[in-house]
Amino acid sequence: MTVSELSKKLSLSRPSISERLLRLQEKGVIEGFSAKVSPAAVGRSTVLMIQMSELKLSYHDFEQKMIADPDIIECHRVTGTVDYIMKAAVGGVDGLSLLVERLMLYGSPHTSVIIGSPVAGRPILPREKK
1 MTVSELSKKL
11 SLSRPSISER
21 LLRLQEKGVI
31 EGFSAKVSPA
41 AVGRSTVLMI
51 QMSELKLSYH
61 DFEQKMIADP
71 DIIECHRVTG
81 TVDYIMKAAV
91 GGVDGLSLLV
101 ERLMLYGSPH
111 TSVIIGSPVA
121 GRPILPREKK
């Protein structure tokens, strides 16, 4: 949403909105701004979640491999029966196959192709006080 759109929606001037956004950034409430890129528009139409378990290398070494892999767009170390949950974007079935082959070198990947996202990118807002 642009500053102009926020300005209209909140009935505040653009300079006022800009000042408030700057204050929220300075307080650490807003960590930054980013563009939302369409995976299909950049040749990565297959988006999937991966649960990774039974690692064959250290957490540090695995994380370095994931940081270096351009297909991995999120990587989270988690509790429970798996070590990591990751999100990847690849160019179709061939890209998926290549990614799984790479990941098998590091442990046991379990993939789920995303076919719909009823809740995606929801902003995190403070809880309402009762």
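Numbering (UniProt numbering), first residue to last: 1 to 130.
Just so it is clear, CB atoms sit at the ideal spot from N, CA and C, and this is done for glycine as well.
Residue closest to Thr81, alpha-carbon to alpha-carbon, out of Thr2, Ser112, Met52, Val29: When the alpha-carbon of Thr81 is set against those of Thr2, Ser112, Met52, Val29, the nearest one is in Met52.
Leu55 versus Leu48 - alpha carbon distance: Looking at the two C-alpha atoms, the distance is approximately 20 Å.
Three or more C-beta pairs below 8 Å linking the region 38-47 and the region 90-100: Yes, the region 38-47 is in contact with the region 90-100.
Short Cβ contact (8 Å threshold) for Ser13 with Ser7: Cβ distance < 8 Å, so Ser13 and Ser7 count as in contact.
C-beta atoms of Ile67 and His76 nearer than 8 Å: Taking 8 Å as the Cβ cut-off, Ile67 and His76 do not qualify as a contacting pair.
Selection from Val100, Gly116, Gly32 that minimises the alpha carbon distance to Ser109: At residue 109 the sequence reads Pro, which differs from the Ser that was named. Nearest in C-alpha terms to Pro109, of all of Val100, Gly116, Gly32, is Val100.
Simplified DSSP assignment, three categories, for Arg77: Per DSSP, reduced to three states, the secondary structure at Arg77 is strand.
Within-8 Å CB hit, Met52 to chain B: In the displayed structure, chain B is absent; only one protein chain is listed.
Ser7 (DSSP reduced to helix, strand or coil): Here Ser7 sits in helix by DSSP.
DSSP bridge partner residues for Lys87 (one or two, in chain order): Under DSSP, the beta-bridge partners assigned to Lys87 are Met49, Glu74.
CB-CB length for Ile50 against Ala89, believed under 8 Å: No, Ile50 and Ala89 are not in contact; Cβ-Cβ is about 11 Å, not under 8 Å.
Cβ distance (whole Å) where Ile17 is taken to contact Leu24 below 8 Å: Cβ atoms of Ile17 and Leu24 stay farther apart than 8 Å, at about 11 Å.
Euclidean distance between Cα positions of Gly91 and Pro123: As the crow flies, the alpha-carbon of Gly91 is around 28 Å from that of Pro123.
Euclidean distance between Cα positions of residue 145 and Arg20: The question about residue 145 has no answer, for the chain in this structure spans 1 to 130.
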